[in-house]
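Let me begin by presenting the structure, written as structure tokens, before commenting on it.
Number of protein chains: 2
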Amino acid sequence: MSPLTPFGHAKRLLVGRPISSELAHHERLTKTTGLAVLSSDALSSVAYATEEVLRVLMVGGLAAMAYAPTIALLIAALLGIVAFSYRQTIKAYPQGGGAYIVAKENLGEWAGLSAAAALLIDYTLTVAVSVAAGVAAITSAFPSLHINRVELGLAFVGLLMLGNLRGIRESARLFALPTYGFIAVMCSLIVAGFYRTFAASMPPVAVVPVDVLPTFDTATLTTFALLTAFANGCTAMTGVEAISDGTPAFKPPEARNAAATLLVMAAVAITMFVGISVLADRLHAIPAVSETIVSQIGRAVFGGGTVLYYVLQVMTTLILVLAANTAYADFPRLASIVARDRFMPRQFMNQGDKLAFSNGIIALSAAAGGLIVVFGGDTHQLIPLYMIGVFLSFTLSQTGMFLKQRRAGVSGPPVLLNLFGAILTGIVLLIVGATKGPEGAWIVIVLIPCLVVVFRKTREHYDTVAHQLTLRDWTPPARRTNIVLVPVSGVQRAVVHALRYSESISTDVRAVYVNDNPQAVAALQAEWKTWGGSVKLVVLDSPFRSVMEPLLAYIALIEKERTNAYITIVLPEFVPSRWWHHLLHNQRALLIKGALLFRPNVVVTSVPFHLS
Amino acid sequence: MSPLTPFGHAKRLLVGRPISSELAHHERLTKTTGLAVLSSDALSSVAYATEEVLRVLMVGGLAAMAYAPTIALLIAALLGIVAFSYRQTIKAYPQGGGAYIVAKENLGEWAGLSAAAALLIDYTLTVAVSVAAGVAAITSAFPSLHINRVELGLAFVGLLMLGNLRGIRESARLFALPTYGFIAVMCSLIVAGFYRTFAASMPPVAVVPVDVLPTFDTATLTTFALLTAFANGCTAMTGVEAISDGTPAFKPPEARNAAATLLVMAAVAITMFVGISVLADRLHAIPAVSETIVSQIGRAVFGGGTVLYYVLQVMTTLILVLAANTAYADFPRLASIVARDRFMPRQFMNQGDKLAFSNGIIALSAAAGGLIVVFGGDTHQLIPLYMIGVFLSFTLSQTGMFLKQRRAGVSGPPVLLNLFGAILTGIVLLIVGATKGPEGAWIVIVLIPCLVVVFRKTREHYDTVAHQLTLRDWTPPARRTNIVLVPVSGVQRAVVHALRYSESISTDVRAVYVNDNPQAVAALQAEWKTWGGSVKLVVLDSPFRSVMEPLLAYIALIEKERTNAYITIVLPEFVPSRWWHHLLHNQRALLIKGALLFRPNVVVTSVPFHLS
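Chains as they are written, first to last, in the numbering used here: chain X, 113 to 724; chain G, 113 to 724.
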């Protein structure tokens with residue numbers, strides 16, 4: 113291996129040693145690590161989904177809040193249907209791609225691109241929302257850090273970026289603890305809570321004094337409010353598609369491993385969401401600014417100040433921040449698939465020497481960091497943007513699966529399940545758009561078609577280029593001679609080097625001097641006898657002190673006289689030993705390069721002269 | 113003239129048509145335009161200098177404020193001495209350069225560089241302070257604009273930059289009205305004021321009700337307070353050196369025209385400063401947040417709401433903003449002189465096609481804009497930074513003139529005047545440092561030595577480069593052959609173009625393909641029969657998917673085998689028709705260029721392929 117550049121050294125330090133292609137399979141996910149890496153998004157939403165439902169219902173008072181378990185069961189059923197549909201998708205598409213692939217193949221390109229745009233926005237929001245929520249959990253514990261929440265959020269995004277640039281397996285190890293820790297402590301909470309509330313008749317929790325509760329007015333619990341509560345609860349469903357999209361990251365047999373992991377995830381998510389919702393109802397937990405619902409339940413069941421209570425809080429914080437990692441697995445992979453179809457820049461296809469899609473990881477980090485900065489790291493401002501993308505991709509994906517199975521002649525329950533799922537998620541999409549649109553979701557509603565247009569324009573460009581590059585029916589260019597011009601402002605070693613190099617590439621080399629002073633011309637001509645070699649010296653006049661314009665005019669003249677020649681401009685270029693020395697050199701070379709960039713058959717070459 | 117690029121069109125629109133070198137003298141300043149362009153800094157300080165004196169004295173009450181005319185006379189005397197000294201400097205140094213040249217030639221390089229650093233900082237502050245004060249005058253009239261003062265300040269800086277990039281004569285025309293208008297209205301104010309207060313015994317002005325006045329306690333008027341008042345009043349002296357520095361911009365005979373202009377300017381400045389100070393005393397004007405001293409006097413003498421009063425206010429505003437233009441004449445010129453001595457990057461020597469030192473103008477605008485942003489466009493935060501530079505350069509300049517004349521054997525009053533001036537300005541420098549240091553001047557005290565170090569390092573670098581470039585005692589490089597490598601990832605038109613170009617510059621051309629797939633290699637070898645020409649196809653293996661590392665290793669191998677050969681890497685480079693298409697191409701070429709930049713005898717060439 114060649115010696116490393118300074119940049120190379122820094123990269124090694126940050127992202128570790130390269131991984132050989134032959135080792136690729138060793139980096140794949142098992143069911144255990146797959147659950148850790150890909151389910152944190154779906155599972156972590158349990159931490160706030162119940163609270164989002166209760167927040168809407170509480171305007172109707174305690175009686176209305178008793179609807180929460182029913183709504184949770186509805187959402188759980190929906191989640192089960194969606195999970196089942198994605199299980200079929202995994203089997204039909206073991207190469208991954210999720211909603212994008214399914215929608216593109218079965219509904220057409222526009223649907224596919226809409227799904228891709230929706231998912232890419234969604235993954236970015238997953239990072240932003242999860243990191244912001246995780247930071248909020250920390251700053252709740254350490255209020256003095258509250259003014260630094262944007263900086264903290266950006267630091268987390270930076271850490272996630274580096275962790276993912278280092279490679280998948282190391283990430284999996286890093287994320288196993290919080291995921292399994294969260295599952296374990298939540299299940300303990302639910303089991304202990306059910307035992308104590310149903311068998312041991314525990315008294316309800318009372319955080320908020322009754323006189324602070326909103327006026328109980330069941331008349332205000334309109335259908336719209338129930339729909340809003342339902343839409344809010346659907347945050348529990350974000351991240352369900354992650355495993356389906358990440359199928360190729362699993363160890364072979366990829367499809368079977370991914371499908372099994374998906375079922376486990378769905379079961380765990382449903383159990384936790386319904387469990388927390390039932391407990392919240394039984395314990396009369398009420399959303400408060402000062403304390404989350406999960407924390408209220410934890411304090412009631414485990415007791416405030418106990419070790420288990422703190423474990424619950426820490427694990428909730430960790431899984432919220434690490435949920436962002438799901439997106440770090442899926443955004444770059446989806447981007448690479450879309451780029452493979454030439455709808456996104458091909459850089460997203462490059463796998464780095466750690467087998468990660470480095471450019472996707474960096475783009476995701478930049479976009480999520482931008483969202484955190486723009487929304488001041490505030491979770492509640494970000495959440496309304498979050499669900500349009502999720503449910504648009506669900507709807508497109510399930511509609512696609514339904515059409516695919518019908519075309520394949522499949523009938524019976526699976527087809528009906530997909531149809532049912534498509535209709536249900538479509539309805540939820542409309543509910544989310546209607547209830548969340550005014551709160552910020554309109555940004556995403558506008559952004560998705562814009563992204564689709566960008567995808568199309570990118571594809572058109574690549575198609576045009578491919579057309580212009582094809583060798584079919586193409587007459588190759590005739591042999592050309594090469595005229596070399598070396599712009600000089602005097603003679604010194606770097607110029608002599610450039611002249612000698614020019615002589616090695618052509619027999620027609622001309623040094624071009626722009627005259628600003630007749631005495632200097634005479635001196636230059638004298639020196640030319642010693643150093644010029646076979647190079648002719650051409651002197652051009654400049655009435656406007658510009659070096660560029662006479663040079664461009666001379667090039668135009670040659671182009672007119674010698675239509676069948678390359679013109680190569682050779683420039684000596686200083687390569688300084690310190691970066692800031694660049695500021696002291698080569699400005700003229702840059703100008704010349706810029707001016708000649710758009711001329712066909714003109715090639716600009718820099719001959720490096722290394723300064724010590 | 114060759115056709116303009118899009119950038120060229122925009123430049124023409126903003127800065128106008130180029131000016132031929134032959135027309136250079138037509139752009140020079142007359143005495144009349146010279147006063148307009150170069151004196152606005154010195155004259156505009158009259159607008160706030162008296163107020164700065166009174167602000168300190170008012171802690172001692174009305175009795176203490178009676179010291180103001182005495183202090184003003186002291187400062188006027190100092191201004192006269194300094195102006196006289198600069199008049200001698202103009203005669204001794206008609207080529208310009210001011211304190212930098214004088215200090216360098218007579219006190220040595222370090223003193224010269226200190227003076228240069230002091231002046232460059234000072235010119236930048238002139239722009240920032242004057243623009244901020246001008247904006248403050250506008251926002252006082254239109255309070256709703258107050259929240260936009262940073263944006264307004266930046267807009268003024270932008271206008272000044274464009275005006276100066278367009279050329280000197282047009283600037284002079286633009287600035288004649290406010291300068292002469294300000295002089296005329298101020299002189300009218302003083303004449304009318306003197307007549308009315310001395311001959312017609314006008315009653316004193318009363319802006320501030322007596323009960324709001326500070327407690328009159330003469331005991332608080334310490335020597336330190338008197339010194340601070342004196343130091344504050346010395347803001348009246350900023351800008352005196354501008355004409356001396358700008359001597360070469362005058363029409364021939366440059367020295368005589370500049371010297372005459374300097375005397376006129378000093379006389380006008382002294383008259384106005386002393387006149388305003390005496391009137392302020394006679395009319396018992398007291399500094400107030402709501403109204404400036406000049407406005408108070410104007411209202412008392414002309415009457416509030418009269419046309420003359422508004423003319424006074426408008427002219428004050430205009431000259432404050434346009435005072436910044438003095439710095440736009442001198443900063444770029446000084447930078448070009450320092451760059452000619454190779455202490456600053458040589459770009460500052462480039463005169464653009466409008467005969468202006470474009471890079472200096474742009475650098476000044478960037479620095480002043482930065483100051484406005486950092487200090488939130490607040491004049492009072494900027495003023496303490498302002499006088500260290502002025503008096504350091506005064507002291508160095510006068511000390512230099514004293515030594516020069518002594519060495520030349522001159523004796524008598526002129527020499528003593530210079531010595532006296534040097535001692536006086538040196539004492540003022542100490543007073544300013546002591547009284548203004550804690551208020552922010554320490555930033556400049558730290559910055560000046562830092563800049564001097566940067567100047568020295570720049571010069572050392574250029575000296576080292578010159579040494580490495582000298583042809584004396586140099587054995588020119590032996591003739592070398594040229595081996596051309598073309599990295600390819602497939603065959604298409606751009607690659608074929610690059611191959612044909614490569615054949616035109618060498619007989620040893622090798623296409624290098626990094627193998628990631630044996631089938632692709634076989635396909636490529638088949639296509640090579642049609643398109644390869646005389647180019648050999650070299651296939652390299654890549655265990656880490658990296659294109660770079662096998663390529664670098666192959667180059668290292670050639671370097672070892674053929675020590676006496678250039679290696680030219682030819683890359684096809686797409687030149688897209690739209691700027692954003694750049695993002696979709698050429699990333700690999702950039703990587704390869706970056707990796708090979710530091711290898712001697714390796715030349716990287718891009719063969720443009722133009723996309724339509």
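Virtual Cβ for every residue (Gly too), placed ideally from N, Cα, C.
Keep in mind it's a predicted model, so treat the numbers as computed, not measured.
Item                                                                                                                                                                    : Value
Does the beta carbon of His609/X sit closer than 9 Å to a beta carbon anywhere in chain G?                                                                              : yes
Are there 16 or more other CB atoms within 10 angstroms of the CB of Glu572/X, so buried, or fewer, so exposed?                                                         : exposed
Quick one: is Gly521/X buried, meaning 16 or more other Cβ sit within 10 Å of its Cβ, or exposed?                                                                       : exposed
Could you give the distance in angstroms between the alpha-carbon of Glu134/X and the alpha-carbon of Leu664/G?                                                         : In this predicted model, Glu134/X has a pLDDT of only 45, less than 50, meaning its place in the structure is not dependable; the value taken from the coordinates is given anyway. Those two C-alpha atoms are separated by around 21 Å.
So which residues of chain X does His573/G contact, with C-beta pairs closer than 7 Å?                                                                                  : His693, Leu696
Under 9 Å, Cβ to Cβ, is there at least one residue of chain G near Pro720/X?                                                                                            : yes
How is the alpha helix (DSSP H) around Ser718/X delimited, first residue to last?                                                                                       : No alpha helix (DSSP H) holds Ser718/X; the beta strand (DSSP E) holding it covers 714-722.
Quick one: complete alpha helix (DSSP H) runs, 4+ long, within the region 175-206 of chain G?                                                                           : 180-204
If you draw a straight line from the alpha carbon of Ala451/X to that of Ala215/X, how long is it in whole angstroms?                                                   : 16 Å
Provide the residue span of the alpha helix (DSSP H) that contains Glu444/G, from first to last.                                                                        : Checking the displayed sequence, the identity of residue 444/G turns out to be Pro instead of Glu. Here the alpha helix (DSSP H) through Pro444/G covers 419-452.
Count the other CB atoms, across all protein chains shown, that sit within 10 Å of the CB of Cys562/G; report buried if there are 16 or more and exposed otherwise.     : exposed
Which value, in whole angstroms, describes the spacing of the CA atoms of Asp628/G and Pro688/G?                                                                        : 28 Å
At least one CB of chain X closer than 9 Å to the CB of Tyr160/G: is that the case?                                                                                     : no
According to DSSP, is Asn627/G helix, strand or coil?                                                                                                                   : strand
I need the boundaries of the beta strand (DSSP E) containing Ala677/G, first residue and last residue.                                                                  : 677-687
With Ala154/G and Thr350/G assumed to form a contact (beta carbons below 8 Å), what rounded beta-carbon distance in angstroms separates them?                           : 7 Å
Closest to Met384/X by C-alpha separation, out of Val607/X, Ala439/X, Ser300/X, would be which residue?                                                                 : Ser300/X
With a threshold of 7 Å on Cβ separation, who are the neighbours of Tyr574/X within its own chain once the five nearest residues in sequence on each side are excluded? : Arg454
Which chain G residues sit within Cβ distance under 7 Å of Tyr613/X?                                                                                                    : Tyr678, Val715
Specify, as a first and last residue, the run of the alpha helix (DSSP H) that Asp585/X falls within.                                                                   : Taken as a continuous stretch (DSSP letters only), Asp585/X belongs to no alpha helix (DSSP H), as it is neither H nor E.
For a test of the three-state rule: what should DSSP assign to Asp357/G, helix, strand or coil?                                                                         : helix
Which stretch, first to last residue, makes up the alpha helix (DSSP H) that contains Gly667/G?                                                                         : Before going further, note that residue 667/G is Ile rather than Gly in the sequence given. Where Ile667/G is concerned, the enclosing alpha helix (DSSP H) stretches over 660-673.
Run through chain X and tell me which residues come within less than 8 Å of Thr570/G, C-beta to C-beta.                                                                 : Leu696
Decide if Arg690/G is buried, meaning its Cβ has at least 16 other Cβ atoms within 10 Å, or exposed.                                                                    : exposed
By alpha-carbon positions, which one of Phe268/G, Arg261/G, Tyr198/G ends up nearest to Leu430/G?                                                                       : Phe268/G
Tell me the start and end of each unbroken alpha helix (DSSP H) in the region 145-172 of chain X that is at least 4 residues and wholly inside, in chain order.         : 152-156, 158-169
Considering only DSSP beta bridges, list what Thr619/G is partnered with.                                                                                               : DSSP, once it has assigned bridges, lists no residue as partnering Thr619/G.
On the CB-based measure, 16 or more other CB atoms within 10 Å of its CB, does Thr587/X come out buried or exposed?                                                     : exposed
With H, G and I counted as helix, E and B as strand and the rest as coil, what does DSSP make of Val486/X?                                                              : helix
State the DSSP-derived secondary structure class of Lys363/G, mapped to helix, strand or coil.                                                                          : coil
Could you tell me which chain X residues have their CB closer than 8 Å to the CB of Pro588/G, listed as they occur along the chain?                                     : Val608, Arg612, Trp643
Buried or exposed, going by whether 16 or more other CB atoms sit within 10 Å of the CB of Ser646/G?                                                                    : exposed
What number of angstroms, rounded off, separates the C-alpha of Pro720/G from the C-alpha of Val715/X?                                                                  : 7 Å
What alpha helix (DSSP H) runs, 4 residues minimum, are completely inside the region 515-600 of chain G?                                                                : 525-548, 553-581
Would you report the Cα separation of Gln510/G and Glu163/G, rounded to the nearest angstrom?                                                                           : 28 Å
In this structure, how does DSSP classify Leu141/X when only helix, strand and coil are distinguished?                                                                  : strand
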